[in-house]
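Encoded as structure tokens, the structure appears first; notes follow it.
Chains as they are written, first to last, in this note's numbering: chain Y, 1 to 573; chain F, 574 to 1143.
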């Protein structure tokens, strides 16, 4: 029976897949500005995707855009699911792994699921606009995107099919330190795939029902009589130890598990045994260590409408922030706050709280990348108003009470007759369907802006002059035409990546030097290997002037190779 | 072919083994160590098992030997480590020596009783790649494994190793006569080179480098040889990001991860003993008073005995409002200090060793990790040291000690060599032999093994141990009974170190009652927590129960062992 069902489902998927990539009859619509009107991969952005749905979309993108997309796996999650990674770049225009690249991940925190939709939308948008938009077309020639829509697929499935998962993945943890693992979690007593609130009628309770909207519980004024007491999350005492829901599934925090500024659990709640305790994070680490071309990263979270930047500890931890880096991070971050309406640029430790072992700090300190973490969705977005943020009214007027689970009477083994209800897991921190695409586009555009600002190196002013002694003097200028430097301060401090190498080919190179002032002949000679000049860093918009003294040769090539800045070359006539 | 090779190997190993066995007159190389381990588990199959936790980059196994009886995983556990730092070969010998001594003594009544109460986990060597350098043709003090690393972060791997310029099989020093040099011969001992002290009117006449050539012409000598990452720099406490031999991130190495996974999985382990450069037995760790430190706050956050935290959350989360900085524990806590002092006193008393070695706590070391991040009682000692005085040159002190103790094979006299980097300058090789300052002559091994064995056995006897006291049933009439009792820790060690109390990776004891028939609790809960008990401390509990019949009471956690008793309400 099951097999037949599976075949049915498979054939339906196949049908959808084939119809999905074929495009629509162009006589039925015309293009709105900035969106792909007739995408090869049909996708709608007013719903949430299951792991199977994400897998399906990733596969469709890869098969519809073979010149742009490679679908791979970072490794397996704790429960054995593949962690998908989309590499998106114009493959014909150069090896994607050698271009400056931008990393996007979503869903590191289990219930913060819409990061996956933001990531997927970005992937889809880049692919579908490549043929429709000159900017995107050039961007994918110059740059690469590595996009991992969900780096926590186990908990995403739990969210979709069971209820609200812990913050983490599902690796068991003995939260109450009694020797039993995950033995007393929340319980979905009414079987609606939601873990809701429990309330009980009690004349001594501190809550009454709001007369304007009976769904809402409000706390009584001192001296006023209550009707209800609130009993916490839906659940029973599964292990009979006198506590409710004290040891649910998992319990560590995937975003306190990174190998930089790490601290143990009693300092940083959510930390596990040591950095990279989780298989999901191990998989990402191993990929990133092999992809040093990544210059920037975005890790999507929810909620609060914030573009988060480091440091995560007062004064920073071991990582380095230079004034120049700060200026770049702020300039990009402020642009994000402009692009994503209702969001603001926030420094983690100062404006939020201290975080040890966060992903962002590892990207910045350990990998030398420029990184942001967007906290998606905030209450402003409901009425585009910071003053009126009434969830009940929004749900009533715009969602027609779709996100509220009406209070329902149940018998609880300890509490007796209780009522279970409240906002569903789909509201509060997640976008309602109709707002998902808007915010996805704004966040995608911010990622695209980040990627655009990664270094782009060009070689200009390549000249040859004969010296009096019959030698050739070759000069050239290397320019970084974008905002982000090839090496951040952390990168320089820890020597994470090699310097930028500038090669001169043609003739025998006798000497090589960087020129500080050509008029006054102020130079710094590189005594070893002058045919491969080493440039520590090329800052945003910086010009580096080089000079070689060469014996022989007639045609000269100057090539620059930078791990994070990509490659460029120029040749004399 | 394969078989004959194996036989050959076994014969060879057997020869080495019998030589070592008759008199502990040499250090055990990897092969000998493995053979000894196999022999132990072969000779004492009922008490001793060994298993490999990981294979290092150098292809060597990291072994744990488990010694105990009965339900080994549910008794207080004691972990003993050698090879914490690869150049400290003595550690391997002492850890292995402990295993073999306790097994030899396992029929004695003292050890039989001890093995009934606790389980030993012996890790003879957690840095086997590094240790092999002691036995290699070219000897130098090596602390790192065989993973490929770029130690000087110049994007070339292992491009500037040592060279044995005087062909004596040892890497010592070279000195180059040069008026621009900054070193001169020490006034106290001409053999020792010291930086010239301008404030005393001295000028140098030598440059001093490690023995070798500057292969990559970067003006640095031997800064990037083979290897590697050091186990004793790769741990999370005070980890130095991108530090030398620290690894690319904490716990990056297979052997580090495997050992830590084993430890974290063994909640019964309550104490670790490490033989390595760090010391808190010669000189115990000292508590420092800090305002707003975790030391005071951790205590105030703890709920009353038997009670759960009010919100039903972990004590850790009760401290959420404090900043992380305030929650960090960076010096020993008061009650742990008392135990450290006691154990240190016992160390001096039992081994007869005097004074203390120079204190060294490099970032990412094991001794501090085990206490501050693993939350266990942690003891560490080099087990052998020479007396050093503050502000005195350590090399001079060592040579003096060596002369007094007739250790005549510790110095390579300065002799002239040809050096390609200094064709026109007088260059000499010489200096203290590698390993000599950290590892005693092999003839001392027997005595050291025996003393350190006795020490660990004596401390092991102080393990936490629970008992019920004053179990009392009062018949209150009307089928109502009051049951009361004390849970007493009759050990000297607390049930868990104070630093471990707030750590997720230690267990919290429970006391639970199994009722019979239709008994009901009128007061008191079926399951309660027992907060940490110091040595000789008790916790009192009482319940009011309606209904006759027997009640089974269970208390403890894996790190204390579980105790049970039964009472009859009648």
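We put the CB at the ideal spot given by N, CA and C, even for glycine. These numbers were taken from a predicted model, which means no experiment stands behind them.
Using DSSP with H/G/I as helix, E/B as strand and the rest coil, what is residue 246 of chain Y? coil
Below-8 Å beta-carbon distance, residue 940 of chain F vs any chain Y residue: no
Say whether chain Y places a C-beta atom closer than 8 Å to the C-beta of residue 708 of chain F. Judged by the 8 Å Cβ criterion, residue 708 of chain F is not in contact with chain Y.
When DSSP labels each residue in this structure, what does residue 593 of chain F get in the three-state scheme? Any reading at residue 593 of chain F is ruled out, since the residue's pLDDT is 42, under 50, leaving its predicted position unreliable.
For the beta strand (DSSP E) holding residue 435 of chain Y, just list the boundary residues, first then last. Premise fails: residue 435 of chain Y lies in the alpha helix (DSSP H), 433 to 452, not in any beta strand (DSSP E).
Quick one: which chain F residues come within Cβ less than 7 Å of residue 474 of chain Y? The contacting residues do not exist; residue 474 of chain Y stays about 25 Å from chain F at best.
Selection of the region 261 to 292 of chain Y by Cβ proximity to chain F, strictly under 9 Å: 261, 262, 263, 264, 265, 266, 267, 268, 269, 271, 272, 273, 274, 275, 276, 277, 285, 289
In this structure, how does DSSP classify residue 577 of chain Y when only helix, strand and coil are distinguished? Limits of chain Y in this structure are 1 at one end and 573 at the other, which puts residue 577 of chain Y out of reach.
Check the Cβ of residue 837 of chain F against every Cβ in chain Y and list those closer than 7 Å, keeping chain order. Chain order gives the chain Y residues near residue 837 of chain F as 273, where near means a beta carbon separation below 7 Å.
Assuming the contact rule is C-beta atoms closer than 8 Å, residue 811 of chain F and residue 941 of chain F should be a hit. Round their C-beta distance to whole Å, please. 7 Å
With 16 as the cutoff for other CB atoms within 10 Å, does residue 1074 of chain F come out buried or exposed? buried
Which first and last residues belong to the beta strand (DSSP E) in which residue 60 of chain Y is found? From DSSP, residue 60 of chain Y is part of no beta strand (DSSP E) but of the alpha helix (DSSP H) over 51 to 64.
Closest residue to residue 481 of chain Y among Y/153, Y/454, Y/491, Y/504 (Cα-Cα distance): Check the Cα spacing between residue 481 of chain Y and each of Y/153, Y/454, Y/491, Y/504: the tightest is with Y/454.
Kindly indicate if chain Y contains any beta-carbon less than 8 Å away from that of residue 1000 of chain F. no
Indicate whether at least one CB of chain F lies closer than 8 Å to the CB of residue 574 of chain Y. An answer regarding residue 574 of chain Y cannot be provided, because it is not within the stretch 1 to 573 covered by chain Y.
Below 8 Å on C-beta distance, what does residue 910 of chain F contact in chain Y? Going along chain Y, no residue has its Cβ under 8 Å from residue 910 of chain F, so there is no contact; the nearest lies around 19 Å.
Compare the C-beta of residue 1098 of chain F against all C-beta atoms of chain Y and say whether one is closer than 8 Å. yes
Per DSSP, what are the beta-bridge partners of residue 533 of chain Y in this structure? Y/502
Residue burial classification, residue 710 of chain F (beta-carbon count within 10 angstroms, cutoff 16): exposed
Could you tell me the distance, in whole angstroms, from the CA atom of residue 735 of chain F to the CA atom of residue 728 of chain F? 19 Å
Candidates Y/533, Y/520, Y/312: closest to residue 548 of chain Y by CA position: Y/533
Which one or two residues does DSSP pair with residue 621 of chain F in a beta bridge? DSSP lists F/640 as partners of residue 621 of chain F.
Boundaries of the beta strand (DSSP E) in which residue 989 of chain F is found, first to last residue: 984 to 990
Using 10 angstroms around the beta-carbon of residue 1064 of chain F, count the other beta-carbons present and answer buried if the total reaches 16, otherwise exposed. Answer is buried; the Cβ neighbour count reaches 16.
How would you call residue 49 of chain Y, buried or exposed, if buried means at least 16 neighbouring beta carbons within 10 angstroms? buried
Spatially closest choice to residue 668 of chain F from F/644, F/805, F/699, F/1004, by CA coordinates: F/699
Buried or exposed by the 16-neighbour rule on C-beta atoms within 10 Å, applied to residue 893 of chain F: Per-residue confidence for residue 893 of chain F stands at a pLDDT of 40, beneath the threshold of 50, marking its modelled position as unreliable; no derived number is given.
Considering Cα atoms alone, identify which of Y/406, Y/266, Y/135, Y/561 is closest to residue 535 of chain Y. Per the Cα distances, Y/561.
One or two residues paired with residue 486 of chain Y in a DSSP bridge: Paired residue(s): none; residue 486 of chain Y is not in a bridge.
Skipping 5 residues on each side, what residues in its chain have a beta carbon closer than 7 Å to that of residue 364 of chain Y? 310, 319, 371, 490
Nearest by alpha-carbon distance to residue 622 of chain F: which of F/641, F/630, F/628 is it? F/641
Alpha carbon of residue 832 of chain F to alpha carbon of residue 619 of chain F, nearest angstrom: 24 Å
Where does residue 366 of chain Y land, buried or exposed, given buried means 16+ other C-beta within 10 angstroms? Result: buried.
Are the beta-carbon atoms belonging to residue 705 of chain F and residue 721 of chain F less than 8 Å from one another? no
Please check if any C-beta of chain Y sits within less than 8 Å of the C-beta of residue 824 of chain F. yes
Under 8 Å between C-beta atoms, does residue 564 of chain Y make it to chain F? It does not: the Cβ of residue 564 of chain Y has no partner Cβ on chain F nearer than 8 Å.
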